[in-house]
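Here's the structure we're looking at; comments come further down.
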Amino acid sequence: MNNVNCYKYFLRNYFRSRVKAICAHQRQYESVKIADELARLSEFRRACVVGVYLSLPHEVDTGPIIGLCRKQGKRMAVPVVFPEKKQMKFAWLPKNSKNLAQNIYGVLEPKQKEFVPSQKLDLMIVPGRAFTPEGFRLGAGGGYYDRFLKKKAKTTCAVGIAFRMQVQKKLPVSPHDRPIDKLIVPGHIFN
Ligand SMILES: Nc1ncnc2c1ncn2[C@@H]1O[C@H](COP(=O)(O)OP(=O)(O)OP(=O)(O)O)[C@@H](O)[C@H]1O
Ligand SMILES: [Mg+2]
346 MNNVNCYKYF
356 LRNYFRSRVK
366 AICAHQRQYE
376 SVKIADELAR
386 LSEFRRACVV
396 GVYLSLPHEV
406 DTGPIIGLCR
416 KQGKRMAVPV
426 VFPEKKQMKF
436 AWLPKNSKNL
446 AQNIYGVLEP
456 KQKEFVPSQK
466 LDLMIVPGRA
476 FTPEGFRLGA
486 GGGYYDRFLK
496 KKAKTTCAVG
506 IAFRMQVQKK
516 LPVSPHDRPI
526 DKLIVPGHIF
536 N
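Residues 346 to 536 (this note's numbering) make up the sequence shown, in order.
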């Protein structure tokens with residue numbers, strides 16, 4: 346492992362445990378505030394199709410965002426991974442959670458996958474272990490989002506979401522790392 350990868354590995358673990366340490370009540374409260382902020386974003390208001398990840402306990406809870414999209418009649422798609430190629434596609438989110446099953450990372454995915462062409466996504470929510478205010482991102486380590494962001498349509502607005510303590514002035518960045526377009530934290534949007 347080179348120095349950058351070693352440092353990234355350390356930081357991923359560090360931020361994962363810090364987020365995990367947030368109590369359930371606080372996590373819920375902050376996640377609702379992030380959804381409130383998203384609701385104000387013009388790119389979101391205009392969006393018809395939204396890509397959104399299904400969260401794990403050490404991430405911002407996307408439940409409030411899913412509720413918001415449902416209320417506003419937006420169509421939602423969720424990531425589906427292809428671990429052999431470390432590639433990711435989006436598939437329509439089924440209405441009933443019974444139609445979801447865990448992938449090899451423990452993340453829920455649709456059982457029946459109806460894939461969505463990436464150019465259909467008007468906006469996508471991007472998870473991260475940490476972000477810089479300029480939109481650089483430390484991911485979970487698979488390179489799935491970096492690969493997807495590299496090929497995404499210019500019309501897809503990539504919106505990172507994070508708790509405030511996940512925003513760092515500086516992070517290690519590799520040439521393949523792709524920045525996001527906006528970053529939302531509770532009470533603030535970084536453009
Ligand atoms: N566009 C790409 N083409 C080829 N390899 C890539 C690309 N993007 C990332 N990788 C590879 O994927 C691996 C993981 O990348 P990185 O450490 O940046 O993951 P990450 O950003 O934390 O993950 P993710 O994007 O899934 O959240 C690295 O070995 C990197 O070389
Ligand atoms: Mg990366």
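Glycine included, C-beta positions come from ideal geometry on N, C-alpha and C.
Beta-carbon contacts of residue i that lie in its chain and below 7 Å, excluding the five residues immediately before and after
i: Arg-372; result: Asp-406
i: Asn-444; result: Pro-455, Lys-456, Gln-457
i: Val-349; result: Pro-517, Ser-519
i: Pro-462; result: none
i: Gly-487; result: Lys-431
beta-carbon residue i near ligand 2 non-hydrogen atom, thresh 8 Å
i: Tyr-490; result: yes
i: Leu-356; result: no
i: Ser-387; result: no
i: Arg-361; result: no
i: Asp-381; result: no
According to DSSP, residues forming a beta bridge with residue i
i: Cys-502; result: Leu-468
i: His-533; result: Val-530
i: Arg-482; result: Phe-476
i: Arg-420; result: Val-394
Anticipated Cβ contact below 8 Å, residue i with residue j, distance rounded
i: Phe-331; j: Gln-511; result: In the structure as shown, the chain starts at 346 and stops at 536, and residue 331 therefore has no counterpart that could be examined.
i: Gln-464; j: Ala-498; result: 4 Å
i: Gly-412; j: Met-469; result: Contact doesn't hold; Cβ gap of about 18 Å is too wide.
i: Arg-357; j: Arg-474; result: 5 Å
i: Val-364; j: Phe-508; result: 6 Å
Nearest neighbour of residue i, chosen from the options [CA to CA]
i: Pro-402; options: Gly-451, Cys-393, Leu-438, Ile-379; result: Gly-451
i: Asp-522; options: Val-425, Asp-491, Lys-353, Phe-389; result: Asp-491
i: Glu-459; options: Arg-420, Pro-472, Lys-497; result: Arg-420
i: Gly-532; options: Ser-362, Tyr-359, Tyr-374; result: Tyr-374
i: Cys-414; options: Lys-434, Val-377, Pro-428; result: Val-377
i: Phe-481; options: Gln-513, Asp-467, Thr-500; result: Gln-513
heavy atom of ligand 1 below 8 Å from residue i C-beta
i: Leu-401; result: no
i: Arg-474; result: yes
i: Asn-350; result: yes
i: Leu-299; result: As displayed, the chain neither begins before 346 nor continues past 536, which places residue 299 out of reach and without an answer.
i: Ser-519; result: yes
i: Gly-505; result: no
i: Gly-487; result: yes
Cβ shell of residue i (< 8 Å), same chain only, five flanking positions each side left out
i: Pro-472; result: Tyr-398, Ser-400, Glu-404, Val-405, Gly-484, Ala-485, Tyr-490, Gly-505, Ile-506
i: Ile-534; result: Glu-382, Arg-385, Leu-386, Lys-527, Leu-528
i: Lys-496; result: Ser-463
Contacting residues, own chain, Cβ-Cβ under 6 Å from residue i (five flanking each side not counted)
i: Ala-446; result: Lys-456
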